[in-house]
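J.:
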Amino acid sequence: MSKDKFYITTPIYYPSANFHIGHCYTTIIADTIARYKRLEGYDVFFMTGTDEHGQKIEKKATEAGVSPKEYVDAIVDNAKDLWRALNISYDKFIRTTDTQHVLVVQKIFKKLYEQGDIYKGEYKGLYCTPCESFWTKTQLVDGKCPDCGRDVHEVSEEAYFFKISKYQDKLVDYIDKHPDFIEPISRKNEMLNNFIKPGLEDICVSRTSFDWGIKVDFDPKHVVYVWIDALSNYISGLGYLTEDDTLFKKYWPADLHIVGKEIIRFHTIIWPIMLMALGLDLPKKVYGHGWLVIGGNKISKSLGNYKDPREYIASYGVDAVRYFVLREVPMGNDGNFSESALINRINGDLANILGNLVNRTIGMINKYFNGYVENKKINEEIDNKLIESALSLKNKVSKNIDDLDISLALENIFDLLRSCNKYIDDTTPWILAKDENKKDRLATVLYNLVECIRISTVLLQAFMPDTASNIFRQINTNKTTFDTLDRFGVYDSSNVNKAEVLFRRIED
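Position 371 of the sequence shown, counted from 1, bears residue number 406 in the working numbering, the numbering being contiguous throughout.
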């Protein structure tokens, strides 16, 4: 029996030597969902990559005295290194300079031109180079780009245009009939009421004023507008319009595009209209999450609040960083990132709740039973409540993941861990150990604890993979798969290993 497929993407990122924690947020979320779906047994394809064309890149390369391709080659590895440091488990890393991608974009552009959805004209308007976005005067805020607040400049040049106005009614109808297509609902309302229903204007989809981009093969003085180029990666990376389109036939349509709120406009207007024009299915869901900010401000070097994420990883550990950004910020909202808040999560959740529980449990098993724990099934009412919580956890967390409520998923896992710590206080194993007649009861208590730890850790693999591996090693179990969560008592009686500190408390 074949597995259900699950195709998830992040946007492809501008290649930069200065990634900050906000850039990582999208990818950590997507990685967690991909890992969880793999745990559930899905055949997952997770793609990310780099968006390497455009006037901005060409300008920076010129300033550096190298060709644009040399410029991006030198820094793309920075993105890959950061994803390795964050334990990002992508299946494909696509670059828009990849030969396959270039050829597919040219074919898409030509197809749309030949069927009349792209036409030649002259563009006169306002352009923001950093955002690579065209704006009308009414869309500007105080005369500046509404996205980044920087200056725009007038451009006038021969250009090709994409008839997105032709598809406006069809797009509105699709969104109405597929209420889950754009989430959260605040983003859907924003797209419909502020951008789509007021009227879509045909967009400029080529440039002649710079050279660094994918050439329009039938008119090579034009390069393809960077967003037509970038958005196509979601299907070019699967082999659409190539000799081997096996992955495309298998995985398209995408189950989930995870994007930042600043680019949801492109993903919910230009991208679905491109797919409609190509006669392709639309992705099942586009989710626009909020930003990580510092002190209410976007993270940037100019504001002095930038730090390379690898510095946080080096100081606090990769799983602490992953846990913080997933737990601290409810999906869809903006959230504040600070080292003091990160330290509070490490001390409160990771050291006190998770680390303390694992350490105490293994320590008591070693102390009272020489490391060997066995379920004697001397249960009391307090045990039944804990076991019921453990058995219900899988369904709770799976629903949280499906609802894209990642923070609540972690909260539910840690609720069980908190219950385990309270269970220790209520059952008082150190008192049971003093009574030889209570040895079997003590064994049952410790077995229940280690089984709850195992169940929690199976689920934590998606969020904190290194920590989960460490816990499995300490409790000495290979029962780590999703199908072991359907009943309580799967943990094999075996010798646990020596207790090791998972997370050290940080004294500020």
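Don't be surprised by glycine CBs; every beta carbon is placed ideally from N, CA and C.
Since the structure is predicted, the reported quantities are computational estimates derived from the model, not experimental observations.
In this structure, how does DSSP classify TRP170 when only helix, strand and coil are distinguished?
T.: Along the sequence shown, read from residue 1 onward, the residue named residue 170 stands at position 135. Three-state DSSP puts TRP170 in a strand.
J.: Report yes or no: do the segment 51-62 and the segment 303-318 share at least 3 C-beta pairs separated by less than 8 Å?
T.: With a cut-off of 8 Å, the segment 303-318 and the segment 51-62 do not count as touching, because too few Cβ pairs lie within range.
J.: Between which two residues does the beta strand (DSSP E) containing ARG130 stretch?
T.: Position 95 of the sequence shown, counted from the start, is the residue given in the question as residue 130. From DSSP, the beta strand (DSSP E) with ARG130 extends over 127-130.
J.: State the DSSP-derived secondary structure class of ASN332, mapped to helix, strand or coil.
T.: Here residue 332 corresponds to residue number 297 of the sequence shown, with the count starting at 1. Strand.
J.: Could you tell me the boundaries of the alpha helix (DSSP H) in which GLY57 lies?
T.: Position 22 of the sequence shown, counting from 1, holds the residue named residue 57. GLY57 -> alpha helix (DSSP H) spans 56-75.
J.: If you follow the beta strand (DSSP E) that LYS40 is in, where does it begin and where does it stop?
T.: Here residue 40 refers to the residue found at position 5 when the sequence shown is read from its first residue. It spans 40-44 - the beta strand (DSSP E) in which LYS40 sits, taken as one unbroken run.
J.: Could you give the distance in angstroms between the alpha-carbon of ASN419 and the alpha-carbon of GLY370?
T.: Taking the first residue of the sequence shown as position 1, residue 419 is located at position 384. Taking the first residue of the sequence shown as position 1, residue 370 is located at position 335. If you take the alpha carbons of ASN419 and GLY370, they lie about 38 Å apart.
J.: Apart from the five residues just before and just after GLY234, which ones in its own chain have a Cβ nearer than 8 Å to its Cβ?
T.: Against the sequence shown, residue 234 aligns to sequence position 199. Only SER200, GLN203 meet the Cβ criterion.
J.: On the DSSP letters alone, give me the boundaries of the beta strand (DSSP E) that SER375 sits inside.
T.: Taking the first residue of the sequence shown as 1, we reach residue 375 at position 340. It is not in any beta strand (DSSP E) - SER375 instead sits in the alpha helix (DSSP H) that spans 374-380.
J.: Nearest by alpha-carbon distance to GLY160: which of ALA312, MET82, GLU192, SER442 is it?
T.: As a position in the sequence shown, residue 160 is number 125, starting the count at 1. The option with the nearest alpha carbon to GLY160 is GLU192.
J.: Suppose you measure from the CA of THR479 to the CA of ILE400; what does that come to, to the nearest Å?
T.: As a first step, residue 479 is located in the sequence shown; it is residue number 444 there, counting from the start. As a first step, residue 400 is located in the sequence shown; it is residue number 365 there, counting from the start. If I take the Cα positions, the gap works out to 11 Å.
J.: How would you write the range of the beta strand (DSSP E) that VAL251 sits in, first residue to last?
T.: Indexing the sequence shown from 1 puts residue 251 at position 216. Looking at the DSSP string, VAL251 is not in any beta strand (DSSP E), and its letter there is neither H nor E.
J.: So, does the segment 484-495 touch the segment 509-519, judging by three or more C-beta pairs under 8 Å?
T.: Judged by Cβ distances under 8 Å, the segment 484-495 makes contact with the segment 509-519, as three or more pairs qualify.
J.: With distances taken from CA atoms, which of ILE238, TYR458, TYR106, LEU452 is nearest LYS155?
T.: Along the sequence shown, read from residue 1 onward, the residue named residue 155 stands at position 120. Nearest option by C-alpha distance: ILE238.
J.: In three-state DSSP terms, what is CYS180?
T.: Counting from one through the sequence shown, the residue named residue 180 turns up at place 145. Correct three-state label for CYS180: coil.
J.: Looking at VAL190: is its Cβ nearer than 8 Å to the Cβ of TYR148?
T.: As a working note, residue 190 is residue 155 in the sequence shown. As a working note, residue 148 is residue 113 in the sequence shown. It is not a contact, given that the beta carbons lie outside the stated cut-off.
J.: Report yes or no: do three or more beta-carbon pairs, one from the segment 442-449 and one from the segment 358-365, lie closer than 8 Å?
T.: Segments in contact, yes.
J.: Taking ALA109 as part of the beta strand (DSSP E), name the residues at either end of that continuous run.
T.: Numbered from its first residue, the sequence shown carries residue 109 at position 74. Run containing ALA109: none in the beta strand (DSSP E); it sits in the alpha helix (DSSP H), 103-120.
J.: Since VAL140 and PRO50 are thought to touch, with beta carbons under 8 Å apart, how far apart are those beta carbons, to the nearest angstrom?
T.: Here residue 140 corresponds to residue number 105 of the sequence shown, with the count starting at 1. Here residue 50 corresponds to residue number 15 of the sequence shown, with the count starting at 1. Actually they do not touch by this definition, with Cβ atoms about 18 Å apart.
J.: For MET36, collect the residues of the same chain with a Cβ closer than 6 Å to its Cβ; drop the 5 residues on either side in sequence, then sort them by chain order.
T.: Position 1 of the sequence shown holds residue 36. With a pLDDT of 36 at MET36, under the threshold of 50, the modelled position of this residue cannot be trusted; read the value that follows with caution. Cβ within range, chain order: n/a, list empty.
J.: Is it buried or exposed, ARG222, if we count other Cβ atoms within 10 angstroms and call 16 or more buried?
T.: As a first step, residue 222 is located in the sequence shown; it is residue number 187 there, counting from the start. With 16 or more Cβ atoms within 10 Å of its Cβ, ARG222 is classed as buried.
J.: Is the segment 401-420 in contact with the segment 515-532, if contact means three or more CB pairs nearer than 8 Å?
T.: These segments touch.
J.: Any idea which residues DSSP pairs HIS292 with across the strands?
T.: The residue given as residue 292 occupies position 257 in the sequence shown. Its beta-bridge partners are THR44, VAL321.
J.: Looking only at its chain, what residues have a beta carbon closer than 7 Å to the beta carbon of TYR275, apart from the 5 residues adjacent to it on each side?
T.: By one-based count along the sequence shown, residue 275 stands at place 240. So the list reads VAL139, PHE283, once near-sequence residues are dropped.
J.: Using a Cβ-Cβ cutoff of less than 7 Å, which residues in the same chain neighbour ILE231 once the five nearest sequence positions on both sides are dropped?
T.: The residue you call residue 231 lines up with position 196 of the sequence shown. GLN203, LEU206, VAL207, ILE304, listed in sequence order.
J.: Ignore the nearest five residues each way along the sequence and tell me which others in TYR71's own chain have a CB closer than 6 Å to its CB.
T.: Taking the sequence shown and counting its residues from 1, the one referred to as residue 71 is at position 36. Here the set comprises ILE436, ALA497.
J.: Report back the beta-carbon spacing between TRP247 and HIS136 to the nearest angstrom; my notes put them in contact at under 8 Å.
T.: Against the sequence shown, residue 247 aligns to sequence position 212. Against the sequence shown, residue 136 aligns to sequence position 101. Incorrect: roughly 15 Å between the Cβ atoms, too far for contact.
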